[in-house]
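Numbering-wise (the UniProt record's numbering), the sequence shown opens with residue 1 and increments by one. We put the beta carbon where it would ideally sit given N, CA and C, even for glycine. Heads up, the thing below is written out as structure tokens.
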Amino acid sequence: MPRPDLLGRLAVQTAERAQAQLHRRLRTITKTDGPWLESDGRRLLAFCNNDYLGLAQDPRLVAALKQAADADGVGSGSAHLICGHRREHAMLEEALAEWTGRERALLFSTGYMANLGVMQALLQRGELCVQDKLNHACLLDGAQLAGATLKRYPHAEVDAAIRQLQRNAEGCALLATDGVFSMDGDIAPLRELSSLCANEGATLMVDDAHGLGVLGESGAGSVSESGLHERDVPVLMATLGKALGCSGAFVAGSAALIDGLTQFARTYVYTTALPPALAAAALRAVAIARDESWRRDKLGQLIRRFRRGAAELGLPLMPSRTAIQPLLLGDAQRALDAARALEAQGLLVVAIRPPTVPQGQARLRVTLSATHEETHVDRLLEALASLRLMDAPV
Ligand SMILES: Cc1ncc(COP(=O)(O)O)c(C=O)c1O
């Protein structure tokens, strides 16, 4: 029997995905200007990026990046443990630890890598990892790649998480949750999860990719907003590529956690360190995100305006008070048609379809940013009203 052809099989799977109307299309952006993007020669008002505080194009970040690149070049040249760990990385780690109220922090090249590294360093084969069903793919992948026994509880159902921990009472356990759920925008029941972990002797890990910069005093994130500390959430991960407008990620926690990750997180050890100029830009971003609370206030006003207007129109809002404001449309084709109709009116809102979200829960994922103005939100609401999304069932 000849072996099956791997590339042939992949082509069949791709064709099947296209047939199911779930094919993903890459869009090239030729210019960005605040909330505006240019693509295929058209200027579009975007409601789909995660630059929640509007820092990605801030001239102060650009200047910090340029200055560091002028001084030391572009690439870090090696992994952190060889000779890639620069002063810019060290300063950023210190600033992130201080901001999040943790003893130390450790940089990773992406959030995906940070989550894989943490899981693989903490969990041994067969050990329990309990996760919310709607956690980001990289937390789920991290547990699987670590060879852990992954148990997923229905979204935000703390009682189900209790049962999973109690049913597997022997051995080490990690409970991991998104702080703010990336496709839903709601916030995890962090206080309840932290008491649960304390009662059951499990370790709590929070991925605050979408909470950092947006929630909590000085933007320190969902964990800080919930009044929780390092002892309650010993493993805190967040990214630099969303509200901080850069790229990369970090894990913050005790010195013992960070020492351990430095030794054992393979996605930290065996990869090139972030460009130091990017770390310099992120350091500037942390200071701005902490100090310029008007950005969070403005974002809050835009969120409230959008929710008020959408509720008046009877649009299928989800229970979120964060910058992620999805409209649940159900059918993948319906979500795609709505996104296309909005684009025809000059608005870019992305349709999120399975497998990123569960079957039957396709949606328009509207995200808001401090770069938007009230008139932009009103324009989006007018366009949504013209689609008559409230007329058909979810
Ligand atoms: C909750 C969450 N965690 C982790 C990641 C991955 O972060 P990164 O894009 O830095 O790899 C994302 C999105 O990108 C996310 O939404």
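Worksheet item: Taking three-plus beta-carbon pairs below 8 Å as touching, is the region 252-261 in contact with the region 36-50?
Response: The region 252-261 vs the region 36-50: no contact.
Discussion item. So, with DSSP's three-state summary, where would you put residue 403?
Written reply: Here the chain covers residues 1 to 394 and nothing more, so residue 403 does not appear.
Worksheet item: What is the DSSP secondary structure of residue 129, counted as helix, strand or coil?
Response: Looking up residue 129 in the sequence shown gives position 129. Secondary structure at residue 129: strand, using DSSP grouped into helix, strand and coil.
Worksheet item: Any idea what DSSP makes of residue 354, helix, strand or coil?
Response: Stepping through the sequence shown from its first residue, residue 354 is reached at position 354. Residue state, collapsed to three classes: coil.
Item to complete: Give a yes or no on whether the C-beta atoms belonging to residue 22 and residue 354 are separated by under 8 Å.
Response: As a first step, residue 22 must be located in the sequence shown, where it is residue number 22. As a first step, residue 354 must be located in the sequence shown, where it is residue number 354. Here residue 22 is near residue 354, since their CB atoms are less than 8 Å apart.
Fill in: Residue burial classification, residue 133 (beta-carbon count within 10 angstroms, cutoff 16)
Residue numbering aside, residue 133 sits at position 133 when the sequence shown is read from its first letter. Under this definition residue 133 is an exposed residue.
Discussion item. I want to check one thing, is the minimum distance from the CB of residue 210 to the heavy atoms of ligand 1 below 7 Å?
Written reply: Locating residue 210 in the sequence shown gives position 210, where the first residue counts as 1. Placement of the Cβ of residue 210 at a distance of less than 7 Å from at least one heavy atom of ligand 1 is found.
Discussion item. Give me the DSSP bridge partner(s) of residue 325.
Written reply: What you label residue 325 is simply residue 325 of the sequence shown in a count that begins at 1. In DSSP, residue 325 forms a bridge with 366.
Worksheet item: Would you say the region 302-311 touches the region 91-98, given that touching needs at least three Cβ pairs under 8 Å?
Response: The region 302-311 is not in contact with the region 91-98.
Worksheet item: Where does residue 99 land, buried or exposed, given buried means 16+ other C-beta within 10 angstroms?
Response: Position 99 of the sequence shown, counted from the start, is the residue given in the question as residue 99. Residue 99 should be labelled buried.
Fill in: Distance between beta carbons of residue 244 and residue 209, contact taken as under 8 Å
Within the sequence shown, numbered from 1, the residue matching residue 209 stands at position 209. Within the sequence shown, numbered from 1, the residue matching residue 244 stands at position 244. Contact flag wrong, Cβ pair sits at about 10 Å.
Fill in: Endpoints, the alpha helix (DSSP H) within which residue 268 is located
Along the sequence shown, read from residue 1 onward, the residue named residue 268 stands at position 268. From DSSP, the alpha helix (DSSP H) with residue 268 extends over 266-269.
Worksheet item: Based on Cα-Cα distance, which residue from 366, 2, 246, 15 lies nearest to residue 59?
Response: Translated into the one-based positions of the sequence shown, residue 59 becomes position 59. If you compare the alpha carbons of 366, 2, 246, 15 with that of residue 59, the shortest gap goes to 246.
Worksheet item: Hey, residue 398 and residue 165 are a contact pair by Cβ (cut 8 Å); roughly how many whole angstroms apart?
Response: Residue 398 is absent from the structure shown; the chain starts at 1 and stops at 394.
Discussion item. For a quick check, are the C-beta atoms of residue 238 and residue 221 less than 8 Å apart?
Written reply: Start at 1 with the first residue of the sequence shown, and residue 238 comes out as number 238. Start at 1 with the first residue of the sequence shown, and residue 221 comes out as number 221. Against a cut-off of 8 Å, the Cβ pair of residue 221 and residue 238 comes out as a contact.
Worksheet item: If you draw a straight line from the C-alpha of residue 216 to the C-alpha of residue 194, how long is it?
Response: Translated into positions along the sequence shown, residue 216 becomes position 216. Translated into positions along the sequence shown, residue 194 becomes position 194. Rounded to the nearest angstrom, the two C-alpha atoms are 17 Å apart.
Worksheet item: With respect to 7 Å, is the separation between the Cβ of residue 268 and the closest non-hydrogen atom of ligand 1 below this value?
Response: Your numbering for residue 268 matches position 268 in the sequence shown. Result no, Cβ not under 7 Å from ligand 1.
Discussion item. What would DSSP say about residue 371, mapped onto helix, strand or coil?
Written reply: If you number the sequence shown from 1, residue 371 lands on position 371. Three-state result, residue 371: coil.
Worksheet item: Taking only runs of the beta strand (DSSP E) that begin and end inside the region 41-126, which ones reach a length of at least 3 residues, in chain order?
Response: Taking only runs of at least 3 residues, the beta strand (DSSP E) segments lying wholly in the region 41-126 are 42-46, 104-108.
Item to complete: Consult DSSP for residue 298 and reduce its assignment to one of helix, strand or coil.
Response: By one-based count along the sequence shown, residue 298 stands at place 298. Residue 298 falls in the helix class under three-state DSSP.
Practice prompt. Enumerate in chain order the residues of its own chain whose CB-to-CB distance from residue 172 is below 6 Å, with the five nearest sequence positions on each side excluded.
Written response: Position 172 of the sequence shown, counted from the start, is the residue given in the question as residue 172. Take residue 172, set aside five residues on each side of it, and the residues of its chain with a beta-carbon closer than 6 Å to its own are 127, in chain order.
Discussion item. Is any non-hydrogen atom of ligand 1 found closer than 7 Å to the C-beta of residue 398, if you look at the structure I gave you?
Written reply: No answer is possible for residue 398: the residues shown for the chain start at 1 and end at 394.
Worksheet item: Since residue 137 is in the beta strand (DSSP E), which residue starts that stretch and which ends it?
Response: For the purposes of this step, residue 137 is taken as the residue at position 137 of the sequence shown. No beta strand (DSSP E) holds residue 137; the alpha helix (DSSP H) holding it covers 137-145.
Discussion item. What I want to know is whether the C-beta of residue 297 ends up closer than 7 Å to one or more non-hydrogen atoms of ligand 1.
Written reply: Here the question's residue 297 lines up with position 297 in the sequence shown. No, ligand 1 has no heavy atom inside 7 Å of this Cβ.
Worksheet item: Relative to ligand 1, is the shortest distance from any of its heavy atoms to the C-beta of residue 207 smaller than 7 Å?
Response: Locating residue 207 in the sequence shown gives position 207, where the first residue counts as 1. Residue 207 has its Cβ nearer than 7 Å to a heavy atom of ligand 1.
Item to complete: Verify the contact flag: residue 320, CB atom, against every heavy atom of ligand 1, threshold strictly below 7 Å.
Response: Taking the first residue of the sequence shown as position 1, residue 320 is located at position 320. Distances from the CB of residue 320 to the heavy atoms of ligand 1 are all 7 Å or more.
Discussion item. On the CB-based measure, 16 or more other CB atoms within 10 Å of its CB, does residue 288 come out buried or exposed?
Written reply: Indexing the sequence shown from 1 puts residue 288 at position 288. By the neighbour-count criterion, in which a residue is buried when 16 or more other Cβ atoms sit within 10 angstroms of its Cβ, residue 288 is buried.
Worksheet item: For ligand 1, any of its heavy atoms closer than 7 Å to the Cβ of residue 156?
Response: Here residue 156 corresponds to residue number 156 of the sequence shown, with the count starting at 1. No, Cβ of residue 156 sits at least 7 Å from all heavy atoms of ligand 1.
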